[in-house]
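Student: The structure under discussion is supplied below as structure tokens; questions concerning it will follow.
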Amino acid sequence: MAEYKRPEGVAVNDFGFALSTINSGAFGGLEGKGKYGTDSYEQIAVWDDDVADFPTVEEMQSAAFSGNWKRVRTQRAKLLAETDWMANSDVTMSAEMTTYRQTLRDIPQTYTEPTDVVWPTNPHVESDVDIHHPYNTV
Numbered sequence: 188m189a190e191y192k193r194p195e196g197v198a199v200n201d202f203g204f205a206l207s208t209i210n211s212g213a214f215g216g217l218e219g220k221g222k223y224g225t226d227s228y229e230q231i232a233v234w235d236d237d238v239a240d241f242p243t244v245e246e247m248q249s250a251a252f253s254g255n256w257k258r259v260r261t262q263r264a265k266l267l268a269e270t271d272w273m274a275n276s277d278v279t280m281s282a283e284m285t286t287y288r289q290t291l292r293d294i295p296q297t298y299t300e301p302t303d304v305v306w307p308t309n310p311h312v313e314s315d316v317d318i319h320h321p322y323n324t325v
């Protein structure tokens, strides 16, 4: 197992995520060296060079970008699914909920970077309505 410092151009939050996405069999985890929160702190990846060559910065950036969009799509699908019952033919959907759901569907066209996504607020979460129960009236 070899150790590699986090290269410039790869975000701290993306380093381990990208490596595990690229090759989970070669990625042995992250370690920290130095004092956390100071300039001496370094993120170190443990990598098995016998399994695969250590990825380039470009490969890590691409994996992080794709993986972060996958996270966004998963979260968006979850939020839409939570309110799908409101789209039933026997439920009158409020204008606010229609806007909320459309904003969720428009996220891939609205943002170019997955880390820039600003999630809309479900209009029924701020009230006392339990959106998970299909028999609630709004």
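Count along the sequence shown from 1, add 187, and you get the number used in our numbering.
Backbone N, C-alpha and C define an ideal beta-carbon position, used for all residues, glycine too.
The structure presented is a predicted model; accordingly, all values stated were derived computationally and were not measured.
(1) Can you give the Cα-Cα distance for Lys-222 and Ile-231, rounded to whole angstroms?
(2) Distance, Cα to Cα, Thr-308 vs Glu-283?
(3) Looking at C-alpha atoms only, which residue of Glu-218, Gly-203 and Ala-268 is the closest neighbour of Val-244?
(4) Along the chain, which unbroken stretches of the alpha helix (DSSP H) at least 4 residues long are found entirely within the stretch 271–296?
(5) With a CB to CB cut of under 7 Å and the five nearest residues on each side skipped, what residues in its chain are close to Thr-290?
(6) Going straight from the alpha carbon of Ser-207 to that of Arg-288, what length do you get?
(7) Measure the CB-CB distance between Ala-213 and Trp-234 and report whether it falls below 8 Å.
(8) Any idea if Val-312 is buried or exposed, counting beta-carbon neighbours within 10 angstroms, 16 or more meaning buried?
(9) Compute the Euclidean distance between the alpha carbons of Val-305 and Ala-264, then round it to the nearest angstrom.
(10) Does DSSP classify His-319 as helix, strand or coil?
(11) So what's Lys-192 in DSSP terms, helix, strand or just coil?
Tutor: Taking the definition as stated:
(1) On the sequence shown, residue 222 is found 35 positions in, with the first residue counted as 1. On the sequence shown, residue 231 is found 44 positions in, with the first residue counted as 1. Straight-line Cα distance between these residues: approximately 13 Å.
(2) Here residue 308 corresponds to residue number 121 of the sequence shown, with the count starting at 1. Here residue 283 corresponds to residue number 96 of the sequence shown, with the count starting at 1. Rounded to the nearest angstrom, the two C-alpha atoms are 10 Å apart.
(3) Residue 244 sits at position 57 when you count from the first residue of the sequence shown. Closest option to Val-244, Cα to Cα, is Gly-203.
(4) 282–292
(5) Your numbering for residue 290 matches position 103 in the sequence shown. These residues qualify, in order along the chain: Pro-307.
(6) The sequence position of residue 207 within the sequence shown is 20, counting from 1. The sequence position of residue 288 within the sequence shown is 101, counting from 1. In a straight line, the C-alpha of Ser-207 is about 32 Å away from that of Arg-288.
(7) On the sequence shown, residue 213 is found 26 positions in, with the first residue counted as 1. On the sequence shown, residue 234 is found 47 positions in, with the first residue counted as 1. Against a cut-off of 8 Å, the Cβ pair of Trp-234 and Ala-213 comes out as a contact.
(8) Within the sequence shown, numbered from 1, the residue matching residue 312 stands at position 125. That one is exposed.
(9) For this step, residue 305 is matched to residue 118 along the sequence shown. For this step, residue 264 is matched to residue 77 along the sequence shown. Rounded to whole angstroms, Val-305 to Ala-264 spans 15 Å at the Cα level.
(10) To locate residue 319, count along the sequence shown from 1; it is residue 132. Since pLDDT at His-319 reaches only 49, below the 50 mark, its modelled position is unreliable, and no value is offered.
(11) Locating residue 192 in the sequence shown gives position 5, where the first residue counts as 1. Lys-192 falls in the strand class under three-state DSSP.
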